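K.L.:
Next up is a structure, given as structure tokens.
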Amino acid sequence: MFRGMRVELLSVAMLPLGIGMFVQGSPNIITPEFTMPLPIEAGPVSYSQQVSPIFQSACGECHGGDEPELGLDLTSYEAAMEGSDYGSVIEAGDADGSLLIDMIVAEEMPIDADPLSEEEIEVIRSWIDAGAENN
């Protein structure tokens with residue numbers, strides 16, 4: 000009696016394993032392909048729609064207002080392109096040569112806040128590489 004129940008329980012326990020092996024090895028099973036979503040939309044990055052909101056939320060508290068830190072105001076396009084008391088931080092067409100990218104990639108900015116996400120950094124990098132236009 001117990002022998003029969005043991006075989007029956009073993010059969011039930013092995014059923015999912017057998018189904019999994021069948022599905023895994025079957026070339027006729029169609030599975031969807033997984034693709035990672037792109038961090039930015041195809042086409043040019045928009046300063047007003049994509050970059051400015053990042054600057055406002057992540058940088059505006061310190062780099063905005065009447066007395067922005069180090070003279071760097073990132074709350075408007077014109078002010079951002081002027082740079083800081085020490086010079087330009089955005090080199091249009093050259094993200095890798097832009098101090099702004101260096102600071103956010105090294106996670107030195109923003110201070111006392113979460114670092115920018117990879118997607119946010121990629122948006123800013125793409126915008127700078129495309130010429131840092133006011134669009």
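Heads up: the sequence shown begins at 0 in numbering that gives the first Met the number 0, then just goes up one per residue.
Ideal placement from N, C-alpha and C gives every residue a C-beta, glycine not left out.
Quick caveat, the model's predicted, so the values are computed rather than measured.
Here's a check: name, in chain order, each residue in its chain whose Cβ is nearer than 7 Å to the Cβ of Ala91, leaving out the five neighbours to either side.
P.N.:
If we look at Ala91 and ignore the five residues flanking it on each side, its Cβ neighbours are Ile127, Gly130 and Ala131.
K.L.:
Please classify Met108 as buried or exposed, where buried requires at least 16 neighbouring CB atoms within 10 angstroms.
P.N.:
Buried: at least 16 other Cβ atoms inside 10 Å.
K.L.:
With contact counted as at least three CB pairs below 8 Å, one residue from each stretch, are the segment 83-97 and the segment 108-117 in contact?
P.N.:
Taking 8 Å as the limit for Cβ pairs, the verdict is that the segment 108-117 does not touch the segment 83-97.
K.L.:
What is the residue span of the alpha helix (DSSP H) that Pro52 lies within?
P.N.:
It spans Ser51 to Ala57 - the alpha helix (DSSP H) in which Pro52 sits, taken as one unbroken run.
K.L.:
Among residues of its own chain, excluding the 5 on either side of Phe54, which ones have a beta-carbon nearer than 6 Å to its beta-carbon?
P.N.:
Same-chain partners within the cutoff: Leu73.
K.L.:
Alpha carbon to alpha carbon, what distance is there between Asp84 and Pro67?
P.N.:
Approximately 10 Å between the Cα atoms of the pair.
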